[in-house]
Amino acid sequence: MALKRYCGVTARVLQGNALTGLVFGCILQAQTDSAGAAMTTGTDPESSNPAHSGLQVSLTVLVEGPFTRGPDGPLTTTLRVPVERIGPGPRSARFDVIVRRPGEKPFSLELGSRTPPWMVVDEGPPDSLAALLQDSRFLAQQVYAVAASTLALFESTLGRRMGWVGGGRLTISAYDRVSYRESGYYRDDGLIRFGHKRDGRAEKAVPLALFRDLVAHEVTHAIVDGYRPKWADSHAETDQLALHEAIADLVALLSVFSTQTLVEQLLTQNGGDSLDLDTLDENLLRSDLFRLGDGLFTHGSARPSLADELAPNWRTLSDPHLRGGAIVQVLLRVVARLWLMRLDLPGGRSSLYQVARAGASVGRQVLSMLIRSLGYMPPVDVTWEDLLRGILAADQAVVPDDDLDYRGVVVTAFAEAGIALPTPTDLYGVSTFTALRYPVRLAALSSDPEEIVRFLWENPTLLAAAKIDPTRPIVVERVRPTLRVGPDGFVVSEIGATFTQEFRLSAVEARRFGLNTRVPVFIRGGGQLRFDEGGRLSFAALKPILDPERQRAKLAAVQGTGVTDAAPPLAPQLPGATSKIAATPPVVSVHRRPTFHP
Numbered sequence: 003m004a005l006k007r008y009c010g011v012t013a014r015v016l017q018g019n020a021l022t023g024l025v026f027g028c029i030l031q032a033q034t035d036s037a038g039a040a041m042t043t044g045t046d047p048e049s050s051n052p053a054h055s056g057l058q059v060s061l062t063v064l065v066e067g068p069f070t071r072g073p074d075g076p077l078t079t080t081l082r083v084p085v086e087r088i089g090p091g092p093r094s095a096r097f098d099v100i101v102r103r104p105g106e107k108p109f110s111l112e113l114g115s116r117t118p119p120w121m122v123v124d125e126g127p128p129d130s131l132a133a134l135l136q137d138s139r140f141l142a143q144q145v146y147a148v149a150a151s152t153l154a155l156f157e158s159t160l161g162r163r164m165g166w167v168g169g170g171r172l173t174i175s176a177y178d179r180v181s182y183r184e185s186g187y188y189r190d191d192g193l194i195r196f197g198h199k200r201d202g203r204a205e206k207a208v209p210l211a212l213f214r215d216l217v218a219h220e221v222t223h224a225i226v227d228g229y230r231p232k233w234a235d236s237h238a239e240t241d242q243l244a245l246h247e248a249i250a251d252l253v254a255l256l257s258v259f260s261t262q263t264l265v266e267q268l269l270t271q272n273g274g275d276s277l278d279l280d281t282l283d284e285n286l287l288r289s290d291l292f293r294l295g296d297g298l299f300t301h302g303s304a305r306p307s308l309a310d311e312l313a314p315n316w317r318t319l320s321d322p323h324l325r326g327g328a329i330v331q332v333l334l335r336v337v338a339r340l341w342l343m344r345l346d347l348p349g350g351r352s353s354l355y356q357v358a359r360a361g362a363s364v365g366r367q368v369l370s371m372l373i374r375s376l377g378y379m380p381p382v383d384v385t386w387e388d389l390l391r392g393i394l395a396a397d398q399a400v401v402p403d404d405d406l407d408y409r410g411v412v413v414t415a416f417a418e419a420g421i422a423l424p425t426p427t428d429l430y431g432v433s434t435f436t437a438l439r440y441p442v443r444l445a446a447l448s449s450d451p452e453e454i455v456r457f458l459w460e461n462p463t464l465l466a467a468a469k470i471d472p473t474r475p476i477v478v479e480r481v482r483p484t485l486r487v488g489p490d491g492f493v494v495s496e497i498g499a500t501f502t503q504e505f506r507l508s509a510v511e512a513r514r515f516g517l518n519t520r521v522p523v524f525i526r527g528g529g530q531l532r533f534d535e536g537g538r539l540s541f542a543a544l545k546p547i548l549d550p551e552r553q554r555a556k557l558a559a560v561q562g563t564g565v566t567d568a569a570p571p572l573a574p575q576l577p578g579a580t581s582k583i584a585a586t587p588p589v590v591s592v593h594r595r596p597t598f599h600p
């Protein structure tokens, strides 16, 4: 049976492995289980060194964490990560992993091969828990593999390189001298710190970096922050911070859930001896199958339980974790419902293997839908309705024929949380932009911010829709080409661009504009534009700047929290280059808290 979706590209259900070679627009194998396939290398005819562009290698990681055990030791899986040269540290082109043993200073580890391509040499974890908690070498491999596979997941799904930390390396301190509460992503330092936490199941403190989902969570914060920096700057509102947390949670949870052997184990644990595959329902599928931190939070869950109903006031919760947790519940319900639909297909419940395989596959597909939506959301002031629209628009562009009704399930789940798009909805946001002028060159449009500014200026209807102040500068923050595989199997090249305009109004100007304030007010807006392979505008998500109603609502939200208008944020301070073999951790004030913590 060949159903027409796979990884959100051409088939929802994989028929064999015929499509796993797709490079852009689907998740590939970055977060999936591997049968231990060996890396193959090509040879560059102009060089004696192996050519490894696009190749991947398998690295062993813990499926969930140190307490998830198999019959012969910790339960492990392998992640496929891009082949790259690994220096001492370990250090790669994108990461600096800092390791230490408890109570010791950072030291350098040699994880790479001594022969080209100098990739990490894979080693499994120790069998005993005590030895595992002391094994710095495996800790470094775990952190690198999860971080690299998470980055590869975003890049393969979005069809482009993802920048972060102002173009520098992301520093990951794998066993920092901090507590759980101080662990997290420090955006101003380009740093992720993983501390430790006491747990009754072990005599010594447990390194948080041994938990696969916690590493994926914090690395996702760094990726999203690099892609949409204004979602977490000093002017961001709780909704934007909550969206950050929701995306990070979902990447973490569904990355782990994509491991089929773990799904089998969890189903068996939850169903017990009475597990009946023929009577599996949504309640069982939602009961403790999606968990964060491998039981670290049994005495106080870090997130709402999927078995609970959404809090009626979830939109007004002040904690970004809790507010974002509502959206995590919504999308995990989507996973559970689509999973049930797959089980109702012929042979879907024939064995525990088939049930677990279907669940892991659906989890990867929903995660792909979420990640692709990033390219369809505005760069500032993003809302939950923007998230829903982004998911639907991105998925429709990739899979026009939604024969399994994935988008219908998404719309229903969001509606249950009170999130709906107006009817009728112009999903692509361009129906009113007729007779647009294109006095631009396609080659420049895909790389030159000034060409985007020129396109905006030459189209007054677009300027009016974005309510841009024509007397002030427009800043194009990002313009990048992207590649994906279209429904017909051909590679489709598109252009994505974001622009913003922000400025401060004096108190007099603000009152004249219609804002009730006695102090200066910072306002901003902008938009996400997408151009098809012919250079024509195909999508627009706008946040009008000179929109009194929208700015009044933003001002009311700020005044309600007691937060005063702040100056624009400082640029991230990157860790300085060092000639030492082991990287020196950035100095972080003892009074500073992480921007995002697990």
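Going from the sequence shown to the working numbering is simple: count from 1 and add 2. Idealized CB from N, CA, C, for every residue including glycine. The structure presented is a predicted model; accordingly, all values stated were derived computationally and were not measured.
Rounded C-alpha distance that separates residue 148 from residue 160: The straight-line gap from Cα to Cα measures roughly 18 Å.
Could you give the C-beta distance for residue 397 and residue 374, rounded to a whole number, given that I count them as a contact under 8 Å? Right, the Cβ-Cβ distance comes to about 7 Å (below 8 Å), so this counts as a contact.
According to DSSP, simplified to helix, strand and coil, what is residue 564? Its pLDDT being 48, under 50, residue 564 is placed unreliably by the model, and nothing is read from it.
Closest by CA to residue 1, which one among 317, 401 and 224? This structure leaves residue 1 out entirely; the chain is present only between 3 and 600.
Alpha carbons only, please: which of 512, 535 and 543 is nearest the one belonging to residue 554? Restricting attention to 512, 535 and 543, the CA atom closest to the CA of residue 554 is found in 512.
Excluding sequence positions up to five away, which residues of its chain have a Cβ less than 7 Å from the Cβ of residue 95? Around residue 95, the same chain offers 86 as residues with beta carbons nearer than 7 Å, after the five sequence neighbours per side are excluded.
Among 176, 525 and 476, which residue has its Cα nearest to the Cα of residue 505? When only C-alpha atoms are compared, the closest one is 525.
According to the Cβ coordinates, are residue 123 and residue 146 closer than 8 Å? For residue 123 and residue 146, no; Cβs fall outside 8 Å.
Going by C-alpha distance, which of 211, 454 and 314 is nearest residue 197? For residue 197, the nearest C-alpha among the options comes from 211.
Buried versus exposed call for residue 578 [16 or more other C-beta atoms within 10 Å across all chains shown]: For residue 578, the predicted structure reports a pLDDT of 30, less than 50, and the residue's modelled location is therefore unreliable. The matter cannot be settled from this model.
Looking at the secondary structure, which residues open and close the beta strand (DSSP E) in which residue 251 lies? Residue 251 -> not in any beta strand (DSSP E); alpha helix (DSSP H) instead, spanning 240 to 259.
Coarse secondary structure for residue 418, derived from DSSP in three states: DSSP places residue 418 in the helix class (H, G or I) of the three-state scheme.
Report the three-state DSSP secondary structure of residue 451 (helix, strand or coil). Three-state result, residue 451: helix.
I need the straight-line Cα distance from residue 549 to residue 556, nearest angstrom please. Take the alpha-carbon of residue 549 and the one of residue 556: they are about 11 Å apart.
Residues near residue 393 by beta carbon distance below 7 Å, same chain, minus five either side: Here the set comprises 371, 372, 375 and 412.
For residue 615, is the classification buried or exposed, using 16 other Cβ atoms within 10 angstroms of its Cβ as the cut-off for buried? Since the first residue of the chain shown is 3 and the last is 600, residue 615 is not available in this structure.
Between which two residues does the beta strand (DSSP E) carrying residue 60 extend? In the DSSP assignment, residue 60 falls within the beta strand (DSSP E) that extends over 58 to 64.
Sort 451, 476 and 460 by Cα distance to residue 497 and report the nearest one. Of the residues 451, 476 and 460, the one whose Cα lies closest to the Cα of residue 497 is 451.
Using a Cβ-Cβ cut-off of 8 Å (strictly less than) and excluding sequence neighbours within five positions of residue 508, which residues of its own chain qualify? Close CB contacts of residue 508 within its chain, under the 8 Å cut and outside five residues either way in sequence, are with 522 (chain order).
Per DSSP, residue 527 is paired with what? Paired residue(s): 503.
Give the secondary structure of residue 76 by DSSP, where H, G and I count as helix, E and B as strand, and everything else as coil. Here residue 76 carries a strand assignment [DSSP, helix/strand/coil].
Nearest to residue 66 by alpha carbon, out of 195, 268 and 138? Cα-wise, what sits closest to residue 66 is 268.
What whole-angstrom Cβ distance do residue 249 and residue 166 have, given they're in contact under 8 Å? The Cβ separation is near 14 Å, so there is no contact.
Would you say residue 60 faces chain B, with C-beta separation under 8 Å as the test? Protein chains in the displayed structure number just one, and chain B is not present.
Where do the ends of the alpha helix (DSSP H) carrying residue 373 lie? It spans 354 to 375 - the alpha helix (DSSP H) in which residue 373 sits, taken as one unbroken run.
To the nearest angstrom, how far is it from the Cα of residue 538 to the Cα of residue 440? Counting only the Cα atoms, residue 440 lies some 8 Å from residue 538.
Integer-rounded CB distance, given that residue 179 should sit under 8 Å from residue 98: Residue 98 to residue 179, Cβ: 18 Å. No contact.
If you follow the alpha helix (DSSP H) that residue 541 is in, where does it begin and where does it stop? In the DSSP assignment, residue 541 falls outside any alpha helix (DSSP H) and within the unbroken beta strand (DSSP E) covering 539 to 545.
Under the rule that 16 or more other beta-carbon atoms within 10 Å means buried, what is residue 596, buried or exposed? Its Cβ being crowded by 16 or more others within 10 Å, residue 596 is buried.
Could you tell me which residues DSSP pairs with residue 84 in its beta bridges? For residue 84, the beta-bridge partners assigned by DSSP are 58.
Measure how close the beta-carbons of residue 70 and residue 263 come, nearest whole angstrom, since I'm counting them as under 8 Å. That pair is no contact at about 10 Å.
Within the chosen definition, does the region 398 to 409 reach the region 175 to 191 through at least 3 CB pairs nearer than 8 Å? Contact between the region 398 to 409 and the region 175 to 191 is not established, with fewer than three Cβ pairs separated by less than 8 Å.
Which two residues bound the contiguous beta strand (DSSP E) that contains residue 100? Per DSSP, residue 100 belongs to the beta strand (DSSP E) from 97 to 100.
If you draw a straight line from the C-alpha of residue 360 to the C-alpha of residue 600, how long is it? If I take the Cα positions, the gap works out to 28 Å.
Going by the DSSP bridge assignment, what does residue 174 pair with across the sheet? Residue 174 pairs with 99 and 194.
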